[in-house]
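Structure first, commentary second.
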Amino acid sequence: MGINFDGPADEGPGFVGIKFCQECNNMLYPKEDKENRVLLYACRNCDYQQEADNNCIYVNKITHEVDELTQIVSDVVHDPTLPRTEDHTCPKCGHREAVFFQAQSRRAEGRCTSPACNRCGDPETLEQHLLCACPGLAQERSRVTTAYRRRGLPASTLEHFLYPSRPHLPALRSLIEFLEETGMAAYR
């Protein structure tokens, strides 16, 4: 009598499991029967073989985090080598000091740093704070928006940034000035 760990249904779709020999209880390995073009599981210790009920022998499950910043180690806020700022208030605890660090998953996307509150370690997106919420930059944001609206342009259309025509250039210059003033121009 053998043990079969095909797994219960709650293991998820595509669970392969491990099969064991009914003769000697050693692990069965996938093997191809080339004549009959069938997948078998064979014991390497004895001559036992059984036909596979499923042609899948391996499942590589890749999971993506809903929020990639959940991988941040909370101790990063205590690293004295990381840059700090007191201009970023944590929405959870109200503490003003934040630590900036490079998130591994963001390197490929070209983003440079991500802040974390120095007191509670709550990760946030600095770009969103500067572009949308920072009260200290309200005047600069207004200047960029006004420059686009004067020319009848939506301030968020990607084509205007990537392929600026002559009327778009002054609005684009205003955006570049904003990015330089906020320090976001250094993000590459």
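Numbering (full-length UniProt numbering), first residue to last: 1 to 188. No residue lacks a Cβ here, since even glycine has one placed at the ideal position from N, Cα and C. Just so you know, these numbers come straight off a predicted model, no measurement behind them.
1) Below 7 Å, is the gap between the Cβ of L175 and the nearest heavy atom of the ligand COA?
2) I'd like the list of long-range same chain contacts for C46, defined as Cβ closer than 8 Å, with 5 residues on each side in sequence excluded.
3) Applying the 10 Å Cβ sphere with the 16-neighbour rule, what's the burial state of F178?
4) Can you give me the Cβ contacts of V16 inside the same chain, cut-off strictly under 7 Å, excluding the 5 residues immediately before and after it?
5) Per the DSSP calculation, V38 is bridged to which residue(s)?
6) V99 by DSSP, collapsed to three states: which one?
7) Can you tell me whether T89 is helix, strand or coil according to DSSP?
8) Would you kindly report the start and end of the unbroken beta strand (DSSP E) that includes residue 194?
9) Among the candidates E35, E32, K34, A52, whose CA atom is the shortest distance from the CA of I18?
10) Would you kindly work out how many angstroms separate the C-alpha atoms of P83 and V99, rounded to a whole number?
11) Give the straight-line distance between the Cα atoms of S174 and A147, rounded to the nearest whole angstrom.
Quick look at the numbers:
1) Annotation note on the ligand COA: not contained in the displayed structure, which lists no ligands.
2) C21, E23, C24, N26
3) buried
4) C56, I57, Y58, V59
5) D33
6) strand
7) coil
8) Shown here, the chain extends from 1 to 188; a query on residue 194 therefore has no answer.
9) A52
10) 6 Å
11) 7 Å
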